[in-house]
Amino acid sequence: MTKETFLHEKHVELGAKMVDFAGWHMPVQYTSIMEEHKTVRENVGLFDVSHMGEVFVSGKDSMEFLNSIVPQDISKLVYEKAVYCQLPNKNGGLIDDLIIYKLGITEYLVICNASRIDEDLNWMIRNEKDFDVKINNCSNNYSLLAVQGPKAIDLMNKLGYDGNQDSFTIKLGTVAGIKMLVSRTGYTGEDGFELMVENVHAEKLWDAILREGQEFGIKPIGLGARDTLRLEAALHLYGNDLDENTTPIEAGLSWSVPKDKTADYNGKSIILSQAANGVDKKLIAIVMKDRNIARHGYDVYFNGEKVGIVTSGAPSPTLNVNIALAYVKNVKDICVGCNVQVMIREKLHDAEVVKKPFVKKHNIVKV
Amino acid sequence: MSITEKILCSKSHEYVLDNENGTYTIGLTDYAVEQLGDIVFLELPEVGAEFKKGETFGTIESVKAASEIYMPISGKVIAINDTVVDAPEALNEDVYENGWLIKVESAVAETEFEDLLEYEDYKEELE
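Taken in order, these protein sequences are the chains called L and A. First residue of the first sequence: 2, per this note's numbering; consecutive thereafter. First residue of the second sequence: 1390, per this note's numbering; consecutive thereafter.
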């Protein structure tokens, strides 16, 4: 059975094109992916991301427990702060990537990908051991809305919430008269907020945001633009760019793996050894030199040899070129500025390796 | 008589228009383009290429995905619409008057038209 969020009727009323995504019937676009994408880069957009999982972890040992399952040092996570991290298996391969928020002295909120909630929960329970911890999957109790774009802060202020809060923090607050958790996070490469609200208030909140957001040019944004936005920001999509055979080091996520963390965690020795000694494959960002689009699964060539595979690819509405992320063999010669080729419909097409991200916040990178 | 009254449509969403001089104009239906969303890339064959009914003659890409375009009838390509190759987003506006894809020359057998539908029937089939 395909699941529906509490905003499903709103999407249908707005004329969204609905698709199945990770077991959910979700809006892929309302009008046009291009238009929606630009709305988020220039103004502000509203996303329903209620399909994502919310798991509360509490109890005396909650910090020690989380610290034993992620590379990030949760002992250093302070009250109301958030951290991006991954959930590695014993080999360092990734079961999921997550955001962990500290809500109280022994209380944490874990946001996981919709497609991975069951795997994450199973893995957490398997790793519970003797920790005094309570794992509470509340994914069915909450709706999650994302307000993203340079004007998101103005809109939050207008909705009666003081948007002046640090990036990667979470606070209990009131938005449009409704109590909820508000974090200054997102997955678009823009400034923005994520609002976690009890399902019963979801429609009221959705309507209020669209109504009050009119003067800022707000539009509802589907998963199609969410994908092009995160790709421009070179943010990984689990299932495309991350999987159980890819470590955080291979994925270019070394920055989220502290080298001085004392606590042990799954895959630690492999991950740290890779961080110190290098890896066999690496994630590169490429820009096509012609109008062809490198899609997920296409082969990548270098000097006539097949060296890897595209994991995400799409047109970039901001840069007006076609961009992609690809895993390639970690040979020194494949570096920023050099040329690779992508096999598209039995022909090789040139692409240039560029720095990540393709688009920086409010600062378009020339390619 | 509007174009949609004269075309025949395939189940894979191509249309064919009989120019009544041994040539046919081929394109994608408005439904196909609407379903694809923002069109960003179009690849069409060279003039002179020959295809059988059902063969892939081109590729159309939206932001989300690449799709193949199939020949609704057999024929030899005599013209391609360079305007839409250069600006494929124009297909989102119109697929019939200016948004055709290729013209073919064909002494096509009647049987090739048997599985093609008139526009009204095609639309009904979609519902």
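Idealized CB from N, CA, C, for every residue including glycine. Keep in mind the model is a prediction, meaning the values are calculated, not measured.
Use the C-beta contact count for residue i: other C-beta atoms within 10 angstroms, 16 or more gives buried, fewer gives exposed.
{"i": "A/Leu1515", "result": "exposed"}
{"i": "L/Lys367", "result": "Confidence at L/Lys367 is low in this model, with a pLDDT of 39, below 50, so its placement is unreliable and the value that follows should be read with caution. Exposed, by the Cβ-count rule."}
{"i": "L/Val201", "result": "exposed"}
{"i": "L/Leu236", "result": "buried"}
{"i": "L/Lys282", "result": "buried"}
{"i": "L/Asn364", "result": "The pLDDT assigned to L/Asn364 is 42, lower than 50, so where the model puts this residue is not dependable, and the model offers no usable value."}
{"i": "A/Gly1411", "result": "exposed"}
{"i": "L/Met125", "result": "buried"}
{"i": "A/Tyr1508", "result": "buried"}
{"i": "L/Gly190", "result": "buried"}
{"i": "L/Asp167", "result": "exposed"}
{"i": "A/Val1466", "result": "buried"}
{"i": "L/Thr3", "result": "exposed"}
{"i": "L/Ala277", "result": "exposed"}
{"i": "L/Val332", "result": "exposed"}
{"i": "L/Lys362", "result": "exposed"}
{"i": "A/Leu1510", "result": "Looking at the sequence itself, residue 1510 of chain A is Asp, so the reference to Leu does not match. The residue is exposed, with fewer than 16 neighbouring Cβ atoms inside 10 Å."}
{"i": "L/Val337", "result": "exposed"}
{"i": "L/Val29", "result": "buried"}
{"i": "L/Gln215", "result": "exposed"}
Starting from the beta carbon of residue i, find every residue of chain A whose beta carbon is closer than 8 angstroms, and list them in chain order.
{"i": "L/Gly225", "result": "Gly1426, Val1452, Lys1453"}
Measuring alpha carbon to alpha carbon, tell me which residue in the options is nearest residue i.
{"i": "L/Ile271", "options": "L/Asp49, L/Asn90, L/Ser33, L/Thr3", "result": "L/Asn90"}
{"i": "A/Val1429", "options": "A/Val1493, A/Ala1479, A/Leu1505, A/Glu1494", "result": "A/Ala1479"}
{"i": "L/Val198", "options": "L/Lys357, L/Val176, L/Pro249, L/Asn92", "result": "L/Val176"}
{"i": "L/Thr247", "options": "L/Thr312, L/Thr107, L/Asn137, L/Val332", "result": "L/Thr312"}
{"i": "L/Ser255", "options": "L/Glu43, L/Pro72, L/Lys180", "result": "L/Pro72"}
{"i": "L/Gly240", "options": "L/Glu43, L/Leu95, L/Lys39, L/His12", "result": "L/Leu95"}
{"i": "L/Leu15", "options": "L/Met27, L/Tyr143, L/Asp261, L/Val288", "result": "L/Met27"}
{"i": "L/Gly93", "options": "L/Thr3, L/Asp74, L/Ala252, L/Ile287", "result": "L/Ala252"}
{"i": "L/Gly309", "options": "L/Pro318, L/Met181, L/Tyr299, L/Pro316", "result": "L/Tyr299"}
{"i": "L/Glu213", "options": "L/Leu230, L/Glu195, L/Met157, L/Gln166", "result": "L/Met157"}
{"i": "L/Tyr143", "options": "L/Glu55, L/Ala234, L/Asp167, L/Ile345", "result": "L/Glu55"}
{"i": "L/Lys356", "options": "L/Ile287, L/His297, L/Lys307", "result": "L/Ile287"}
{"i": "L/Ile345", "options": "L/Ala203, L/Met289, L/Asn321", "result": "L/Met289"}
{"i": "L/Asp155", "options": "L/Leu88, L/Phe217, L/Tyr302, L/Met64", "result": "L/Phe217"}
{"i": "L/Gln275", "options": "L/Val258, L/Thr263, L/Asp265", "result": "L/Val258"}
{"i": "L/Ala83", "options": "L/Asp97, L/Tyr102, L/Pro221", "result": "L/Tyr102"}
{"i": "L/Met53", "options": "L/Leu211, L/Ile335, L/Ala23, L/Val29", "result": "L/Ala23"}
{"i": "L/Gln149", "options": "L/Lys39, L/Val13, L/Glu347, L/Gly338", "result": "L/Lys39"}
{"i": "L/Leu206", "options": "L/Asp192, L/His297, L/Leu145, L/Ile250", "result": "L/Leu145"}
{"i": "L/Leu88", "options": "L/Asp121, L/Glu65, L/Thr229, L/Val343", "result": "L/Asp121"}
{"i": "L/Tyr162", "options": "L/Asp62, L/Asn141, L/Pro151, L/Ser184", "result": "L/Ser184"}
{"i": "A/Cys1398", "options": "A/Asp1419, A/Glu1435, A/Met1390, A/Phe1440", "result": "A/Asp1419"}
Name the chain L residues that come within less than 8 angstroms of residue i, Cβ to Cβ?
{"i": "A/Thr1448", "result": "Arg346"}
Look up residue i in the DSSP assignment and give the residues it is bridged to.
{"i": "L/Met157", "result": "Looking at the DSSP assignment, L/Met157 forms no beta bridge with any residue, so it has no partner."}
{"i": "L/Pro1", "result": "Outside the displayed span of chain L (2 to 368) sits residue 1 of chain L, for which this structure offers no information."}
{"i": "L/Met197", "result": "L/Leu145, L/Leu182"}
{"i": "L/Ile287", "result": "L/Ala325, L/Val354"}
{"i": "A/Phe1430", "result": "A/Glu1450"}
{"i": "L/Asp49", "result": "L/Leu146"}
{"i": "L/Thr175", "result": "L/Lys180"}
{"i": "A/Ile1469", "result": "A/Ile1491"}
{"i": "L/Ser59", "result": "L/Glu108, L/Lys135"}
{"i": "A/Glu1482", "result": "Its beta-bridge partners do not exist; DSSP assigns none."}
{"i": "L/Cys113", "result": "L/Gly54"}
{"i": "A/Thr1414", "result": "A/Leu1406, A/Lys1492"}
{"i": "L/Trp25", "result": "L/Lys4, L/Phe22"}
{"i": "L/Val337", "result": "In the DSSP output, where bridge partners are listed per residue, L/Val337 has none listed."}
{"i": "A/Glu1457", "result": "A/Thr1448"}
{"i": "L/Ala83", "result": "L/Tyr102"}
{"i": "L/Met344", "result": "L/Leu349"}
{"i": "L/Gln30", "result": "L/Lys18"}
{"i": "A/Tyr1511", "result": "DSSP output for A/Tyr1511 lists no bridge partner at all."}
{"i": "A/Leu1397", "result": "A/Val1405, A/Glu1507"}
{"i": "L/Tyr239", "result": "L/Leu243"}
{"i": "A/Gly1464", "result": "A/Phe1440"}
{"i": "L/Ala221", "result": "Residue identity differs from the one stated: residue 221 of chain L is Pro in this sequence, not Ala. L/Leu47, per the DSSP bridge assignment."}
Residues of chain A with CB under 7 angstroms from residue i, in chain order?
{"i": "L/Ala315", "result": "Val1452"}
{"i": "L/Arg292", "result": "Phe1430"}
{"i": "L/Ser33", "result": "Gly1426, Asp1427"}
{"i": "L/Thr229", "result": "Val1452"}
Which residues of chain A have a Cβ atom closer than 9 angstroms to the Cβ of residue i, listed in chain order?
{"i": "L/Arg296", "result": "Glu1450, Ala1454, Ala1455"}
{"i": "L/Gln30", "result": "Gly1426, Asp1427, Val1452, Lys1453"}
Would you say residue i reaches chain B, if we count a Cβ-Cβ gap shorter than 8 angstroms as a contact?
{"i": "A/Thr1412", "result": "Absent from the structure: chain B. Protein chains present are L and A."}
### Query
Taking only runs of the beta strand (DSSP E) that begin and end inside the region 289-327 of chain L, which ones reach a length of at least 3 residues, in chain order?
300-303, 306-317
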